[in-house]
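Protein chains in written order, with this note's numbering: chain A, 1 to 471; chain B, 1001 to 1101.
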């Protein structure tokens, strides 16, 4: 019998609180070894890891690349895989490879296969893909089953064709199916963070509201504690509530710190929409067990009558090149917001001559408006500024040409009152122009109404056989 | 007194790529009551600070966490050309100087 079958059978035979270890809120950036070891010593019934997010922006999804380095990703995967196999408990990984589309999932699987071979590990693995077929989406557009939200424009068939990858956020259904298929490891493409941890309790018949609330908290590791951090966290869930405990002794889960975590990256701290239903925290209660542990209860779950899957897709918008430079000249700084568009005009006249403009060139001026989306009027000028000139063009060569011309003409641009006639800007290094590869934007961020959400996320089983060497 | 002198946490982050959520957390119930009742944390004042329409601002008091949540529509979707803060983690600055009576 494999790990999920064993754990489910054991907990059904002799019910007790279920222990879940939230090993990492973002696998591939390193897991603190002492707190992970402490978590393993507590013999959790499941080790779960979230591996991705939409927060990292559209480029990883579009390009099919991970945000984490291959070395750190392998180290983290090896750590959690070895621990799960030594305890013989399920390892559940969601949003594989940062964005959870086919190339991200495949790269994660390749690393796991390579680790299994090197460490001579044998196990049964469920693989759940999250890519949503384009013909299905085109039909959904025609049938009016795609819903816009948060002010996103209506999805078109052109958007579907343009997107490099389109994934759907799976809920608990596919994970439950995988757990019931008697596996040791589950690796899912784009998935709701909650499904990683809530699915096993749901299979065992524990209240879904409590399981979801717990999952929402432990998918971020010890972020719900004071001081918050990325250490693994242990949750013990029973039929009436759950107890949270960071595996780093310095982090304390207090009623206020845990309650406050419900705010994190959420627009509404009381109700949260999941593919399978709604989590209602209006009557959630947070109590202290001791100075390091909090007990949470009271969350309520309402199953949905109309399953919806959140879609994410990114399309290529061109090739990006940037110019990096700064200035310490008070006269240049005072006038730069007016000067930069003039430099852009001059560059355009040179690189376009008679042809139409085929690129965008924009500037962020750090010290003035590089970071803030809203800048108050009449702020005193800074002593230094840093400028990023960003070009997006159809080819890498064209983008590089624009930022290189921009560098030269910004350096020597003449303006009224100029004293520093040898150059307007400082370069921290040369070349100060950097080609960043293809640029993407999210062009799909919509809800798909479906009858059977689980059918979008097929569960495949793969067996790893790497028997130990004789002797 | 300025909000940054009272609050324990003042932070911003994306709530999905099209919205920004700002959290203000207080260390005591008294501080929470003082801040949550302040007219300078009303919808109109916050809309003015972030230069958005008042109807695009949502303010949610969250007493159990001694916190106040503000939700705004992002003017530029996260990662679109011209975005300045993909995670939205540095848009809290306009809140720091809010005067609390």
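Every residue, glycine too, gets a C-beta built ideally from N, C-alpha and C.
Quick one: does residue 55 of chain A have its CB under 7 Å from some CB of chain B? yes
May I have the straight-line CA-CA distance separating residue 295 of chain A from residue 284 of chain A, to the nearest angstrom? 10 Å
Could you check where the alpha helix (DSSP H) with residue 160 of chain A kicks off and where it finishes? 157-162
Counted within 10 angstroms of its Cβ, other Cβ atoms place residue 461 of chain A as buried (16 or more) or exposed: exposed
Whole angstroms are fine: how far does the CA of residue 1046 of chain B sit from the CA of residue 111 of chain A? 48 Å
Less than 7 Å between CB atoms is the rule here; does residue 1098 of chain B satisfy it with respect to chain A? no
Hey, is residue 269 of chain A's beta-carbon within less than 7 Å of any beta-carbon in chain B? yes
I'd like to know if the stretch 1012-1024 of chain B and the stretch 1064-1071 of chain B are in contact, where contact means that at least 3 CB-CB pairs between them fall below 8 Å. yes
Inter-residue Cα distance where the pair is residue 1100 of chain B and residue 1049 of chain B: 15 Å
Among A/68, A/30, A/133, A/409, the one whose alpha carbon lies nearest that of residue 165 of chain A: A/133
Could you check how far apart the C-beta atoms of residue 7 of chain A and residue 47 of chain A are, in whole angstroms? I think they sit under 8 Å. In fact, because the Cβ distance is near 11 Å, the residues do not count as touching under 8 Å.
Would residue 184 of chain A pass as a contact of residue 2 of chain A if the rule is Cβ separation under 7 Å? yes
So what's residue 171 of chain A in DSSP terms, helix, strand or just coil? coil
Using the DSSP secondary-structure output, state which residues sit across from residue 273 of chain A in a beta bridge. A/278
Proximal chain A residues relative to residue 1025 of chain B, where beta-carbon distance stays under 7 Å: 260
Within the continuous alpha helix (DSSP H) that includes residue 327 of chain A, where are the two ends? Careful: residue 327 of chain A lies outside any alpha helix (DSSP H), inside the beta strand (DSSP E) at 308-327.
C-alpha distance - residue 342 of chain A paired with residue 387 of chain A, whole-angstrom precision: 15 Å
Assuming residue 457 of chain A and residue 129 of chain A make a contact with CB atoms under 8 Å, what is their CB distance in whole Å? 7 Å
Run down chain B in chain order and give the residues with a C-beta less than 8 Å from the C-beta of residue 286 of chain A. 1064
Residue 1007 of chain B versus residue 358 of chain A: straight-line alpha-carbon distance, rounded: 48 Å
For residue 373 of chain A and residue 337 of chain A, the rounded distance between their alpha carbons: 15 Å
Measuring alpha carbon to alpha carbon, tell me which residue in A/32, A/55, A/33 is nearest residue 1018 of chain B. A/55
At the 7 Å Cβ level, is residue 159 of chain A part of the contact set with chain B, yes or no? no
Note the first and the last residue of the continuous beta strand (DSSP E) segment covering residue 233 of chain A. 233-237
Continuous alpha helix (DSSP H) stretch holding residue 148 of chain A: start and end: It is not in any alpha helix (DSSP H) - residue 148 of chain A carries neither H nor E in the DSSP assignment.
Using a Cβ-Cβ cut-off of 7 Å, state whether residue 242 of chain A counts as contacting chain B. no
Over what stretch of residues does the beta strand (DSSP E) that includes residue 99 of chain A continue unbroken? Where residue 99 of chain A is concerned, there is no enclosing beta strand (DSSP E), given that its DSSP letter is neither H nor E.
To the nearest angstrom, how far is it from the Cα of residue 101 of chain A to the Cα of residue 131 of chain A? 6 Å
Could you tell me which chain A residues have their CB closer than 7 Å to the CB of residue 1013 of chain B, listed as they occur along the chain? 265
Go through its chain and collect everything with a Cβ distance to residue 5 of chain A's Cβ below 7 Å, but skip five positions before and after it. 182
Quick one, which of A/263, A/397, A/233 has its alpha-carbon nearest residue 250 of chain A's? A/233
Counting contacts by CB-CB distance shorter than 7 Å, is residue 1 of chain A in contact with chain B? no
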